[in-house]
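Reviewing the structure listed below.
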Amino acid sequence: MSSVHSVRGRTGMITACLVLCGLFAFSAAADTVTTPIKQFGYSYGRVLTPNAALSPDGSRILISSGNDVLLIDKVTGLLLRTFSAHIDAVTAVAFSPDGTKILTGSKDQTALVWDIETGQVLCVSAQPRGEVASVAFSPDGQFIVTGTRALGLVPGQAYIWSAVTGLFIRVLDAHMSDVTSVAYSADGRYLATGSRNYFLQEQKYHGVAYVWDLETGSMAGPFQDHWGDVTSVALSPDGSRLVTGSWNDSGEGVAFIWDVTNNTRVSTLNMQAASSIVSVAFSPDGTQVATGGDNGVAVLWSALGGRILTLNDHLGDVKTVAFSPDGTELLTAAEDNYIRIWDTATGKKLRGGHTGILNTVRVSPDGETLITGSGDTTGILWNIA
7 MSSVHSVRGR TGMITACLVL CGLFAFSAAA DTVTTPIKQF GYSYGRVLTP
57 NAALSPDGSR ILISSGNDVL LIDKVTGLLL RTFSAHIDAV TAVAFSPDGT
107 KILTGSKDQT ALVWDIETGQ VLCVSAQPRG EVASVAFSPD GQFIVTGTRA
157 LGLVPGQAYI WSAVTGLFIR VLDAHMSDVT SVAYSADGRY LATGSRNYFL
207 QEQKYHGVAY VWDLETGSMA GPFQDHWGDV TSVALSPDGS RLVTGSWNDS
257 GEGVAFIWDV TNNTRVSTLN MQAASSIVSV AFSPDGTQVA TGGDNGVAVL
307 WSALGGRILT LNDHLGDVKT VAFSPDGTEL LTAAEDNYIR IWDTATGKKL
357 RGGHTGILNT VRVSPDGETL ITGSGDTTGI LWNIA
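Just so we're on the same page, this note's numbering is the position in the sequence shown counted from 1, plus 6.
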């Protein structure tokens, strides 16, 4: 992709280019031609909850934005569809394994399954109590799981539902506080859940995680050496390893890798400057782990515990880390309202041609030119053919 022309406004930021767009922004590097690594910024006129997911084929990105969810083309940055039905903030999003459906959870105490092509709601799962804090599809796409927040004295729980009808199937009842994260193993047999701190008879207990065998009904855990809330969980593809991210009172964010078979901690991943790890993910082959911190930094680790890459370009909590299906790219989404995609071999990301946040983007009818407008008072035409 190459820059063919740029313009600069007299004063203030450029908020419209040819046609007012203003839904999100996309930035590209003038010295990049074919590298499929992109950087996105987005603004939707309200406070964003930057939860994101990457489609199974790696071509599309799902972003929560207030009560709505945005579907974006990863290559062009174009908005493909907006999903609107929730009446309160969307807190979690996920793609179905075949990429034909999406799952959204909200503070309105519902989880919705949508048809990605038509934008229609296919089924509704209304939580018995509590806001939805986390969601996931089973690997076969037949089931969904929701984790809920505690409501008064009632603890959060994990619920399994039919992804076809929305009907309740079973509850996983062990946590004493908000179920902040849920994650399946690749074969769908195991489900990991993590929760926040809780108080019992004025005694504080730190967050815990469990791994559930959905075939036998047995439960591994609690995994409970955390120094604060368990903010995120992920299982290795075979379900034998669990990674948990946590908030740390002492100011050092840590993630633990556990052996699920014997409930032992096998590695500690120390983010050092971050006081909390807010997102974790295993690579598709199980050899790497990604963590996102509350200091704007994401780190790529060996699953054996060694640090591989430090990805430092966000401001605020890195709410989402997600690998592409082949593990060659890592998506990060943060509270700075930017999504970035990184090369996991080199740590390279696309460098923006603008110096300020972009406010608008427009593609020419022939698909060969992109125009972007930025808070740095410049507009740039890009050759994207």
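Using N, Cα and C, we set each Cβ at its ideal position, and we do this for glycine too.
The beta carbon of threonine 293 sits closer than 6 Å to those of Ala309, all from its chain and outside the five residues before and after it, given in chain order. Taking the C-beta atoms as reference points, tyrosine 190 is found no nearer than 8 Å to proline 243.
Contact fails between the segment 273-287 and the segment 219-226, because fewer than three Cβ pairs, one in each stretch, are under 8 Å apart.
A Cβ-Cβ contact shorter than 8 Å links valine 249 with valine 286. For asparagine 57, same chain residues with a beta-carbon under 8 Å away, outside a window of 5 residues either side, are Ile69, Ser70, Val96, Thr97, Ala98, Val99, Lys325, Thr326, Ala339 in chain order.
Note: asparagine 276 is bridge-paired with Val260 in the DSSP secondary-structure output.
For secondary structure counted as the beta strand (DSSP E) over 3 or more consecutive residues, the segment 123-190 holds these complete runs in sequence order: 127-132, 138-143, 149-154, 164-168, 174-178, 185-190. Asparagine 318 sits in a strand when the DSSP states are folded into three classes.
One thing to note: glycine 162 has its Cβ within 8 Å of the Cβ of aspartate 184. In the structure shown, the three-state DSSP call for alanine 328 is strand.
DSSP places lysine 113 in no beta strand (DSSP E); its state is neither H nor E. Under the 10 Å beta carbon count, valine 81 is surrounded by fewer than 16 other beta carbons and is classified as exposed. In the structure shown, arginine 202 falls within a coil segment according to DSSP collapsed to helix, strand and coil. Under DSSP, glutamate 335 forms a beta bridge with Asp349. In the three-state DSSP reduction, threonine 97 falls in the strand class (E or B). Around leucine 157, the same chain offers Arg135, Gly136 as residues with beta carbons nearer than 7 Å, after the five sequence neighbours per side are excluded. Assignment of lysine 80 by DSSP, reduced to helix, strand and coil, places it in the coil class. With contacts defined by Cβ atoms closer than 8 Å, isoleucine 93 and valine 119 do not form a contacting pair. The distance from the Cβ of leucine 336 to that of isoleucine 67 is about 13 Å, inconsistent with a contact at the 8 Å cut-off. Taken through DSSP and simplified to helix, strand or coil, proline 103 comes out as coil.
Bridge pairing for glycine 299: Ile283 [DSSP].
In the structure shown, glycine 251 adopts extended strand secondary structure according to DSSP, grouped into three states.
Boundaries of the beta strand (DSSP E) harbouring serine 71: 66-71, taken from the DSSP string. Scanning its chain for C-beta atoms nearer than 6 Å, with the 5 sequence neighbours on each side dropped, one finds around histidine 232 the residues His212, Gly213, Ser252, in chain order.
Contact annotation, glycine 125 with phenylalanine 101: C-beta distance approximately 15 Å; criterion of less than 8 Å not satisfied.
Judged by their CB atoms, glycine 302 and isoleucine 263 are not nearer to each other than the 8 Å cut-off.
For serine 238, the CB contacts under 6 Å within the same chain, skipping 5 residues up- and downstream, are Ser187, Gly251, Ser285, Val286 in chain order.
In the three-state reduction of the DSSP assignment, threonine 267 falls in the coil class, being assigned neither a helical nor a strand state.
In this structure, Gly153 is the residue among Ala169, Phe174, Ser168, Gly153 with its C-alpha nearest to the C-alpha of alanine 180. Lysine 107 and phenylalanine 174 have their C-alpha atoms roughly 19 Å apart.
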